[in-house]
Ligand code: HEM
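Shown next, in the form of structure tokens:
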């Protein structure tokens, strides 16, 4: 409908436009259905236009998720990782269940970091299940579709009872469900604060900070809305993406047992097989780090990121980019550029090594960071994601062998490197055998 779309397939161009010129490319496309009717323009940081509201959300997000905060939460991350290892061990005989465990793990990690909520991984949190359902339903009904109201915004005024207003009924219902969940999740935490049992987390720290910075010691409604919105979006943006990288890792390890053995040998030399690896071991575990980097690169969880928008007309190498153009960073294409990553569709951690001494190629490591997007909109949850995924990979490798699943005849089933297509992407379902290799260390 006359809307220009520009797709950037190269990291060099994305760096120039989305990062160096990010003053012009940090806006998001606007949808009357999503932003206005479904209410996302009030709280959804990832889709907020480049505005003062976005700046307030981003500032809060940045201060809650910077490296310092993540490092201060290492104990919590390690405890949650241990629960994941225990889950894997208790169900190691049912290889098909490990994907569910990965998702329960990332759910728990984020909800504990943000809300201090300590839901045992083996159980379902009804609010989280409702949130998942609400988003799944909306994504299915809305994304990749064009609504007339987005072409003719005045249609948002049609009465809800009008037979053709299905779009409006659906958006308004979604909006009230999301506010219901956002409020319940927040209230659940507030009641633990009142009882004096709240665990320190992003929300408690944010409330304290907001109250301290306010001369009357109160939390303004505006600040509270930022805290509530950011807390919920952390779950939405952080759990599925992190689970996708961990699934890449399990797939890569089952397809390429040689790399798994190399990483385990390196780990055993450092830990002496008498303890679990820790964050401080990272500088001495370069091969484990290359397995982590390759798991990030192989299949991006958000293959085309979140669309950016040019606010003013621009010129790039003689090409005109009109004001209002939607500019998409094709992350998946960038992470498979053959000039940087030879045989890009193969899982090969060795590509990151300078030499046999284990020095990591800084240039390629920097390119892999494209998986988190660009410029002022770069993923603010990346430090939490990278720290938690790295330690999970190291501890899984230290304690388990990951092998191909077996068929009824006992023959190995060859897994395929196939990934789903969509706003987010994951390996298509596959089985693998996960067996403890170091029971004493696993028991802690
Ligand atoms: C491996 C895991 C993750 C990947 C691959 C990932 C990837 C991305 C990408 C590609 C973007 C869009 C950046 C752009 O517009 O250029 C993004 C934005 C975002 N991510 Fe992540 N993410 C991950 C984990 C997380 C986590 C753990 C959180 C929070 C707990 C998080 C919160 C966000 C938020 C709030 C935004 C929107 C930022 C904005 O628009 O200003 N992400 N992420």
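Numbering (our numbering), first residue to last: -6 to 437. All C-beta atoms in this analysis are idealised placements derived from N, C-alpha and C, irrespective of residue type, glycine included. From a predicted model like this one, the values you see are computed outputs, not experimental measurements.
Under the DSSP assignment, residue 119 falls outside any beta strand (DSSP E), being part of the alpha helix (DSSP H) whose first and last residues are 119 to 135. Per DSSP, the unbroken beta strand (DSSP E) holding residue 313 starts and ends at 312 to 314. In this structure, residue 327 lies away from residue 115, with their beta-carbon atoms at least 8 angstroms apart. Per DSSP, residue -1 is one residue of the beta strand (DSSP E) stretching across -2 to 1. Ranking 363, 262, 387, 348 by CA distance to the CA of residue 77 puts 387 first. For residue 394, the enclosing beta strand (DSSP E) has its first and last residue at 393 to 397.
The beta-carbon distance between residue 426 and residue 392, rounded to whole angstroms, is 14 angstroms. This is too long to meet the 8 angstroms contact definition. DSSP, reduced to helix, strand and coil, places residue 405 within a strand of the structure shown. For residue 322, the beta-bridge partners assigned by DSSP are 1. Here the segment 330 to 346 does not lie against the segment 311 to 319, with fewer than 3 beta-carbon pairs under 8 angstroms apart. Note that the C-beta distance between residue 50 and residue 265 is not below 8 angstroms. The beta carbon of residue 370 sits closer than 6 angstroms to the beta carbons of 19 from its chain, once the five residues preceding and following it are set aside; these are given in chain order.
A contact is defined here as three or more CB-CB pairs under 8 angstroms, and the segment 171 to 178 fails this definition with respect to the segment 39 to 53. Relative to the ligand HEM, residue 244 has its C-beta separated by 7 angstroms or more from all heavy atoms.
Closest by C-alpha distance to residue 123, out of 208, 178, 419, is 178. By the neighbour-count criterion, in which 16 or more other beta carbons inside 10 Å mark a residue as buried, residue 186 falls on the exposed side. Within the same chain, and ignoring the five residues on either side of residue 182 in sequence, the residues whose Cβ sits closer than 6 angstroms to its Cβ are 108, 196. Rounded to the nearest angstrom, the Cβ distance from residue 269 to residue 95 is 19 angstroms, too far for a contact under 8 angstroms.
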